[in-house]
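Asks: Chains A and B, in that order, give the protein sequences. For what it's worth, my numbering labels the leading residue of the first sequence as 1, then goes sequentially. For what it's worth, my numbering labels the leading residue of the second sequence as 383, then goes sequentially. Quick reminder that beta carbons are idealized off the backbone N, C-alpha and C, glycines included.
Number of protein chains: 2
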Amino acid sequence: MREVAVIGIGISKFGELWDQSIRDIFAEAALSAMKNANIKKIDALYVGSMSSGLYTMQEHLSSLMTDYIGQRGAAGFRIESACASGGSAMRLAYLEVASGMSDIVLAGGVEKMWDVDDGSAILATASDQEYEAYHGVTFPGLYAMMAKLYMHRYGLTREELAQIPVISHKHAVNNPNAQYPFEITVDTVLKSSLVADPLRLMDCSPITDGAACVILCPLEMAKDFTDKPVKVKAVGAATGTIALHDHKDIIRLDAVRLAAERAYKASGLSPQDIDFVEVHDCFSIAQILVAEELGFFSFGEGGKALAEGQGTYGGKIVINPSGGLKAKGHPVGATGIAQIVEAVIQLRGEAGKRQVNNAKFGMTQNMGGSGGSCVVHILEAL
Amino acid sequence: MREVAVIGIGISKFGELWDQSIRDIFAEAALSAMKNANIKKIDALYVGSMSSGLYTMQEHLSSLMTDYIGQRGAAGFRIESACASGGSAMRLAYLEVASGMSDIVLAGGVEKMWDVDDGSAILATASDQEYEAYHGVTFPGLYAMMAKLYMHRYGLTREELAQIPVISHKHAVNNPNAQYPFEITVDTVLKSSLVADPLRLMDCSPITDGAACVILCPLEMAKDFTDKPVKVKAVGAATGTIALHDHKDIIRLDAVRLAAERAYKASGLSPQDIDFVEVHDCFSIAQILVAEELGFFSFGEGGKALAEGQGTYGGKIVINPSGGLKAKGHPVGATGIAQIVEAVIQLRGEAGKRQVNNAKFGMTQNMGGSGGSCVVHILEAL
């Protein structure tokens, strides 16, 4: 396989984008990424989107987006793996280049979520419809069960759990694209509406419109386009069980562990080598479980460690310098690519006030459902 | 890139599968393909599905299907490109093997379409929602405009156009999985309900539940699993314009021409080398336009040639020996893979009464929308 580099990035504002349609939002990020990479033509486009059909009655984004950004003729594909759609699009775009099939490939993601009023039912299509969603459980309910068990088994307090979103919001303050770039306190979390006990509104990632795109090319061509190529060092992908009740242990995420193992093995790296990680914190509890599965903390110790600040600047590893899904926003199909965008910004040293010092290796972890699928990437500054 | 072979095939009955859910239908085809390939474990799964969200409120098929066929842990991805979802899944599964990322990969497709009553609106999400579907035009209307212009420009009669489905049904008689394995006459077509002038019910592919799967591996490993491996000789993919009004000429399908050009170039073959082709005849007029773009007939001559029997046994090339979308059925996301299944059956010499004699090279052509995307494969008997 050929080595692959990211040579351009683009991202839209994350938030409530009432005056932009799904094509406008994607085009903004895509054209920005192409400009950032100094390219005018792509060979192929991969777009991650979880539910453009249910959210906007528009499937066939492969054709629409390639057409709408002026790239008719290029190969185009839409990739869906629920909330891991963006990461999956990245992995397959990587293969498109690594295999030698194409040279210049756009990997993007988009979701336009604010135009409907049944967003929870749509998101629940990422769970097992026949055995979970149909019976009324939605994702806050599923993650609430995970939180309950974790808190019970390992003695994590409600106040400690509340530190997770507090830190995420602190990070987001320095991210101009974030949906909620302001600080909150533990008190804000504890006094926010109860969604599914023990999870409150401030434990949950929001509904977000947004898009993100990156441009990939063979590493050996990268210097023709940019002074700061970022290498895609390794990819890892895995599935688990779609239904939470089929997990061997509902607070273990086998797909995350497997995807990470594959990425570590392919890169020859271990958790100690990673300088920062963008993780899929769809709920506060998810950040803890994922950080443990990725090998940054021992099982059962992640919650307290993160509450003590081990996942922010000055700690063991910087988690979600972008603000993460909670504070940066979570336009589902775009999230996996937005994580790559953040990793590239950090590895280029362009992150300003949220820069992780001497960042050499960055990881991204994008997850579908309650752990039904996961894609992990490791990127390297050259 | 590594050379890739198909070592196993599986297909469900096509039709109204009221007693099977989407997961049942897919699992039937997937497990059948795994058995056919003599394998028990896959490294990755690619599933094409256009609108599982809108049809069944179930996204995340990447996880669900991998889980449901006993392959937890494997990488899983759902691919969507409207009606070209299956062909797209095949192309990306091909890259998964060709790149060296995985060895044993399942490429499948599925659609469960009969459970809803707004199927036309769902299919219209493959068109330009804001500029076509929203204003009331659905696919029969779009293809009717193409048929009108073709008939006017090239003097094709309504009776000649009716020969296309008549021949498709004749082929389907010998396909045990076909939805409508019976013959019809020109009179049947001309007396069927008018759907969108000049297209009548018998010009239109039906609503179908169904799934199809194939197993891919590196060609050099294929003989370990089967005596009759079929080589994936070449792939070609392209996008066009999603909206029909943006075509330079509404009866030209640039994406089909480009995808075919890429597949011919990669294979070193020309139309004269192809023994049979499975084309995307979503409407009778589509078979004509596609056969011309693929280079089997000159522009404007395909209609009369096909009416005269040049696309059936004894003619210039056998088109849709399976019965095609019209008579075999069109479970949207499964169609592109069902085409591959038919090509493999033919190239193995296992097609019985519908066998194309001395078949060496078979082509498949899978198309999204009114030509917004297209994927072409060329397969070779070894």
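What are the residues in the stretch 663 to 684 of chain B lying within 8 Å of chain A by C-beta distance?
Replies: none
Asks: Check whether chain B comes within 8 Å of residue 60 of chain A, counting only Cβ atoms and requiring the distance to be less than that.
Replies: yes
Asks: Comparing C-alpha positions only, which one of B:621, B:613, B:758, B:619 sits nearest to residue 729 of chain B?
Replies: B:613
Asks: Can you give me the Cβ contacts of residue 675 of chain B inside the same chain, cut-off strictly under 6 Å, excluding the 5 residues immediately before and after it?
Replies: 635, 638, 639
Asks: Could you list which residues in chain A have their beta carbon closer than 7 Å to that of residue 624 of chain B, in chain order?
Replies: 60, 63, 64, 67
Asks: Can you tell which of B:437, B:763, B:755 has the C-alpha that lies nearest to the C-alpha of residue 44 of chain A?
Replies: B:755
Asks: Whose C-beta lies closer than 7 Å to the C-beta of residue 483 of chain B among residues of the same chain, with five residues either side of it excluded?
Replies: The beta carbon of residue 483 of chain B is closer than 7 Å to none in its chain, skipping five residues each way along the sequence.
Asks: By how many angstroms is the C-alpha of residue 333 of chain A removed from the C-alpha of residue 682 of chain B?
Replies: Spanning the two alpha carbons is a distance of roughly 43 Å.
Asks: From the DSSP output, which residues share a beta bridge with residue 231 of chain A?
Replies: According to DSSP, which records beta bridges pairwise, residue 231 of chain A is partnered with A:5, A:380.
Asks: Can you give, in chain order, each stretch of the alpha helix (DSSP H) that sits fully within the stretch 416 to 493 of chain B and has at least 4 residues?
Replies: 434 to 438, 443 to 450, 467 to 480
Asks: Terminal residues of the continuous alpha helix (DSSP H) containing residue 139 of chain A?
Replies: 139 to 154
Asks: Where does residue 683 of chain B fall in DSSP's three states?
Replies: Coil at residue 683 of chain B, not helix or strand.
Asks: In the DSSP assignment, what are the bridge partners of residue 697 of chain B?
Replies: None, per the DSSP bridge assignment.
Asks: Beta carbons nearer than 7 Å to chain A: which residues of the stretch 475 to 498 of chain B have them?
Replies: 477, 478, 480, 481, 482, 483
Asks: DSSP state of residue 321 of chain A, grouped into three classes?
Replies: coil
Asks: Can you tell me which of the three DSSP states residue 691 of chain B falls into?
Replies: coil
Asks: Less than 8 Å between CB atoms is the rule here; does residue 395 of chain A satisfy it with respect to chain B?
Replies: Missing from the structure shown is residue 395 of chain A; chain A here goes from 1 to 382 and no further.
Asks: Can you pull the chain D neighbours of residue 565 of chain B, defined as C-beta to C-beta under 8 Å?
Replies: Although the question refers to chain D, the structure presented lacks it and instead comprises the protein chains A and B.
Asks: So, are the CB atoms of residue 361 of chain A and residue 317 of chain A less than 8 Å apart?
Replies: no
Asks: Going by C-alpha to C-alpha distance, which of B:421, B:562, B:494 sits closest to residue 434 of chain B?
Replies: Restricting attention to B:421, B:562, B:494, the CA atom closest to the CA of residue 434 of chain B is found in B:494.
Asks: Could you please give the first and the last residue of the uninterrupted alpha helix (DSSP H) stretch that includes residue 648 of chain B?
Replies: 636 to 649
Asks: With a cut-off of 8 Å, does the C-beta of residue 432 of chain B fall near any C-beta of chain A?
Replies: yes
Asks: Any Cβ of chain A within less than 8 Å of the Cβ of residue 436 of chain B?
Replies: Flagged as an interface residue toward chain A: residue 436 of chain B, by a C-beta distance shorter than 8 Å.
Asks: Residue 586 of chain B bridges to which residues according to DSSP?
Replies: Its beta-bridge partners are B:665.
Asks: For residue 173 of chain A, I'd like the list of residues in its chain whose CB is within less than 7 Å of its CB, leaving aside the five on either flank, ordered along the chain.
Replies: Closer than 7 Å at Cβ, skipping near neighbours: 181, 182, 183.
Asks: Taking 6 Å as the limit between beta carbons, can you name the residues of its chain near residue 324 of chain A, skipping five residues before and five after?
Replies: 168, 281
Asks: Which residues in chain A sit within 7 Å of residue 619 of chain B, going by Cβ to Cβ distance?
Replies: 75
Asks: Count the other CB atoms, across all protein chains shown, that sit within 10 Å of the CB of residue 544 of chain B; report buried if there are 16 or more and exposed otherwise.
Replies: Of the other Cβ atoms in all chains shown, 16 or more fall within 10 Å of the Cβ of residue 544 of chain B; this residue is therefore buried.
Asks: Taking a cut of 7 Å between CB atoms, which residues from the stretch 30 to 50 of chain A lie near chain B?
Replies: 50
Asks: Please compile the residues from chain A whose C-beta is within a distance smaller than 8 Å of the C-beta of residue 543 of chain B.
Replies: For residue 543 of chain B, no chain A residue has a Cβ inside 8 Å of its Cβ, as the nearest lies near 26 Å away.
Asks: Going along chain A in order, which residues have a C-beta closer than 9 Å to the C-beta of residue 472 of chain B?
Replies: Residues of chain A passing the Cβ test: none, with the nearest at roughly 11 Å.
Asks: Which residue's Cα is closest to the Cα of residue 166 of chain A: A:284, A:296, A:264?
Replies: Comparing Cα-Cα distances from residue 166 of chain A to each of A:284, A:296, A:264, the minimum goes to A:284.
Asks: Are any of the Cβ atoms in chain B nearer than 8 Å to that of residue 82 of chain A?
Replies: yes
Asks: By a C-beta neighbour count over all protein chains shown, 10 Å radius and 16 as the cutoff for buried, is residue 767 of chain B buried or exposed?
Replies: Absent from the structure is residue 767 of chain B, since the part of chain B shown begins at 383 and ends at 764.
Asks: Report the residue from B:496, B:573, B:629 whose alpha carbon sits nearest the alpha carbon of residue 527 of chain B.
Replies: B:629
Asks: Over what stretch of residues does the alpha helix (DSSP H) that includes residue 728 of chain B continue unbroken?
Replies: 714 to 730
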